[in-house]
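If you read the protein sequences in the order shown, they are chains A and B.
End of the first sequence sits at 278 in the UniProt record's numbering; the numbers just go up one at a time, nothing left out.
End of the second sequence sits at 587 in the UniProt record's numbering; the numbers just go up one at a time, nothing left out.
Glycine residues also receive a C-beta, built at the ideal position from the N, C-alpha and C atoms.
Since the structure is predicted, the reported quantities are computational estimates derived from the model, not experimental observations.
Below you'll find the structure, written out as structure tokens, and then a few comments.
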Amino acid sequence: MSAHTHSSVLKHHFDHLEQQHASERLGMWMFLATEILFFGGLFGAYTVYRLYYPTEFEFASSKLNRVIATINTLFLITSSMTITFGIRAAKLGDRAGLIRYLVLTLLLGGAFMVMKGFEYNADFEERYVPGTLFRSEYNAAFEAVFPTSPLQPPLSKEQAKAYFEQDAQSAHPKHQHWAAELVLLNYGKSTKDPDYIDPGKVQLFLSFYYIMTGIHGIHILVGLGCIVWLIIEAARGAIPPENYSTVEVVSLYWHLVDGIWLFLMPLLYLAGAGWAGH
Amino acid sequence: MSATTVWATPTTTPPPEPPPAEPNYLNHNYSIWSWLLTTDHKRIGILYLISITLFFVGGGIAAGVVRLNLLAPNGAIVTEDVYNRAFTAHGVLMLFFFLIPAVPAVFGNFFIPMMIGAKDLAFPKLNLASWYVFMIGAACAAWSVLVGGIDTGWTLYPPYSTRASQASVIPGVLGAFISGFSSIMTGLNIMVTIHKMRAPGLTWNRLPLFVWALYATSLIQLLATPVVAISLVLIMVERAWGVGIFDPSIGGDPLLFQHLFWFYSHPAVYIMILPGMGVISEVITCFSRKNIFGYAAVAWSSMGIAVVGFLLWAHHMFVAGISFYAALLFSFLSMLVAVPSAIKVFNWTATLYRGSITFQAPMIFSLGFIFLFTIGGLTGLYLATLGTDIHLHDTYFVVAHFHFVMVGGMVMAYFAALHYWWPKMFGRMYSDWWSRVAAMIIIVGFFLTFIPQFVMGYHGMPRRYPNYPAELHILNVMSTAGSSILGLGYLLPAIYLTVSLFNGPKAGSNPWSATGLEWQTPSPPSIHNFEETPVVVCGPYEYAIGVDQMGRPLPEGPGEGGPIDPASHAGHPYPAGPAPKETEVVG
């Protein structure tokens, strides 16, 4: 508790700055452990169902937008790099550099969320959402091929294919492409067949998709909020070099959110990468 | 007040009372905002104390409804629907809002920094935030009760909780979810504090065992709570939007929820019991005036319980359709966790051996803990055994086992802690006689309540049923009678402790003549706990040579000179006991 280590950034209950920084870092690492367990529950549940229902999961995954996901991955990886440059700038006392890197990180993270928003929007327009939307789309496509009325005979597989192709090329298609594909793939199969694609289990995948990316998105938003706060603090000169650990602690969190995306990306988007070969 | 001057005071004449104007954490500011915006760990501990007392009363009332209704084989006072809501409210309030925060958030908050010689926890603002998060969670639970309550049982199994239940499940689940974050915040704060803020000389091997127990608890809080958080989110999503991953109609597996839920909720029972075990180690040594027997064994058994406790959750699902081999493994691991628990019990008993024991209220509660926890632990082995569990699963035997550990163990330890540290927290002594009477009433009432439940469970009475065959009537009446005695026992401390706040004699800084650093501060403690950072020179329980952790002689303890009222020499530090030998006190 010697006097010379006392500065405006040392909180009253710490003896010296090293102790304060070490506590902050340890606290953040422990918080990250809870985050890993939090997502770990989801990953565990996902793994169970992925092993139970591989066909449905691959089919469902193949209908997600891999292009947006790849671009988003690049955004997040780059943002992890820029925030690390930010720590370096903070250590060197380069306030302008710190603000510049933080703003870059903010823009990259924001771009991720914007892209994600477009992707969600497209998914919703395709009614690729578990629950009533999904069911009504699937049932409509199914009933177009297998009418409920006993007076109308069901379409043959070729007729159904032609019908859906024609529908897809019309100005206002009546059916979503995934629903049509699902009906065609299941044509003539019983629900007991090993390669029958159960629409219920496709919804199970979609539940995981929305819950996992949704919770990840909330984490991104929290991270962006922290970065905005850092920018304000840096702008008013509250992050002197001896307090660089504030930036470091936020960056640890940001890396974790980035790292979780690096697991989500293959689990959700690449699980169905081989689907076209089926 | 510097220590050396105190011990130099002549013994014949009591020293004058210290000037009362000294500001402490209670009287330095009386405004409501100084409480609601405080970052002082002691004040936050008091905020938690008040809050969980309210929830204890609420959960107790719900338990009263359950027990009264079971007075008659077909329900005595409420409908079956209300009965379901009452036992769920009892479970949710007692588990999430009393047992889990009881010792870590009240006594951990208050005493961990003082026991390790720190001015505060590592993150004071996070600490305050944890209380607010806890209260928001509690408000959600209260909301759920006000709109009719939940009828799912505290375990919230789908598909009943997600599809069938007509009750207001979401607010209750939200309450449990939110309060979980407060638990994580407290655990994280305590863990970082123990790692980084120990006083000079306070090595890991000199930490009081309460600190070790809280460390193990915090580890579980950090690693288990997030898993239940995500499973509760999944329950809410599934119930709110009908899309979920436990729905069997689309291929979901309800058993998966049980895995996720118990991955937290089984370790959670160690969140509840481990801090209690820490309290017992403090009290047993102090009131038998002996060093703890097997310090390292007691400390590491806490860590052993924390680690093994993560690996046995599926023993809740022996009859739920898990594979035989999984059941075998989880049965073995469940028995394994009895080993560190037994290590503790044997070491406490060995600590008592040839000790100079006095029976103040904290000690009676602690002895009650050892006795009741042992019964609770041994009956747990019946449930860990695959063959007997099939007979006993989901019967009152489980209820009785669980309550022996949680009420007979944990609530008893909570009251031991409350009585042990009350003089330090408020600077006042409570009535010695009434506190002993209350402790005895609680133990007797507890026995009468829960011993019959073992018998009725063995005879096959299922838990959570509002009706039972007439042959079990007498046992249920005994149990309800016992619960009213237990209720009276819990009412008494509320009265005499409140009275002591206003009329109790002033407690000295160390009324029990205990060794821990927390007793080296004034009672009530000053705002920053220590005037200067203490330097620790020895282990935590040097009662045999009569020195505290700073190597100074202890004042005369409650065990020396017969059973005397500790209040009678409150405030008078006696330089009794053998002189410290510097060569003996290192280590």
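- In the three-state scheme derived from DSSP, where H, G and I count as helix and E and B as strand, Arg463/B is classed as coil.
- When CB distances to chain A are screened at a threshold of 7 angstroms, the residues of the region 174-195 of chain B falling below it are Ile184, Leu188, Met191, Val192 and His195, in chain order.
- For Val147/B, not one C-beta of chain A is nearer than 7 angstroms to its own C-beta.
- At a cut-off of 7 angstroms between C-beta atoms, Leu255/B does not count as an interface residue with respect to chain A.
- Exclusion of the five residues before and after Ala470/B leaves Pro73 as the residues of its chain whose Cβ lies within less than 7 angstroms of its Cβ.
- Between Ala361/B and Arg289/B the beta-carbon gap is near 17 angstroms, outside 8 angstroms, which marks them as no contact.
- A direct Cα-to-Cα measurement between Gly93/A and Asp247/B gives close to 55 angstroms.
- Close partners of Ser231/B in chain A (Cβ separation under 8 angstroms): Gly41.
- Under the rule that a run must span 4 or more residues, the alpha helix (DSSP H) segments found entirely inside the region 156-229 of chain A read 157-169 and 177-185.
- Scanning its chain for C-beta atoms nearer than 6 angstroms, with the 5 sequence neighbours on each side dropped, one finds around Tyr53/A the residues Lys201, in chain order.
- Contact between Ala400/B and Leu448/B fails: their C-beta atoms lie close to 12 angstroms from each other, not under 8 angstroms.
- For Ser249/B, the residues of chain A that pass the 8 angstroms Cβ criterion are Gly200, in the order they occur in the chain.
- Phe502/B sits exposed, since fewer than 16 C-beta atoms from the chains shown fall within 10 Å of its C-beta.
- Leu207/B and Val407/B have their alpha carbons spaced roughly 27 angstroms apart.
- Annotation: Gly274/A is outside any alpha helix (DSSP H) and is labelled neither H nor E by DSSP.
- In this structure, the straight-line span from the alpha carbon of Gly214/A to that of Gly244/B is close to 14 angstroms.
- A Cβ of chain B is located within less than 7 angstroms of the beta carbon of Met30/A.
- Here Pro553/B carries a strand assignment [DSSP, helix/strand/coil].
- Taking CB atoms only, Gly244/B has a neighbour in chain A less than 7 angstroms away.
- Taking C-beta atoms under 8 angstroms as the contact rule, Leu121/B and His41/B qualify, at a distance of about 5 angstroms.
- Residue pairing by DSSP puts Lys506/B in a beta bridge opposite Arg428/B.
- Along the region 347-434 of chain B, the alpha helix (DSSP H) occurs as fully enclosed runs of 4 or more residues at 361-384, 386-392, 396-403 and 412-426, listed in sequence order.
- Proximity to Val57/B across Ser356/B, Gly489/B, Glu238/B and Val345/B peaks at Gly489/B, based on C-alpha coordinates.
- Think of a sphere of 9 angstroms around the beta carbon of Thr55/A: no beta carbon from chain B falls inside it, the nearest being about 12 angstroms out.
- Any Cβ of chain A closer than 7 angstroms to the Cβ of Ala122/B would place that residue at the interface, and such an atom is present.
- Taking all protein chains in view, the Cβ of Asp258/A is crowded by 16 or more other Cβ atoms within 10 Å, so the residue is classified as buried.
- Listed along the chain, the chain A residues whose CB falls inside 9 angstroms of the CB of Lys506/B amount to none; the nearest CB is some 28 angstroms away.
- Shortest Cα-Cα distance from Gly516/B to any of Ser281/B, Val398/B and Met335/B involves Ser281/B.
- In the same chain as Thr385/B, and ignoring 5 residues on each side of it, the C-beta atoms closer than 7 angstroms to its own belong to Ser331, in chain order.
- Leu47/B is the residue among Thr79/B, Leu47/B and Ser431/B whose C-alpha sits nearest the C-alpha of Tyr132/B.
- Judged by DSSP in its simplified three-state form, Val437/B adopts helix.
- Among the residues of the region 202-213 of chain A, those with a Cβ less than 7 angstroms away from any Cβ of chain B are Gln203, Leu204, Ser207, Phe208 and Ile211, in the order of the chain.
- Only residues of its own chain outside the window of five on either side were considered, and among them Gln20 and Ser23 have a CB closer than 8 angstroms to the CB of Phe14/A, listed in chain order.
- For His403/B, the closest C-alpha among the options Phe454/B, Trp421/B and Phe365/B is that of Phe454/B.
- If you check the CB distance, Ala122/A and His175/A do not come in under 7 angstroms.
- Below the 7 angstroms Cβ cutoff, chain A contributes Leu204 as neighbours of Gly252/B, in chain order.
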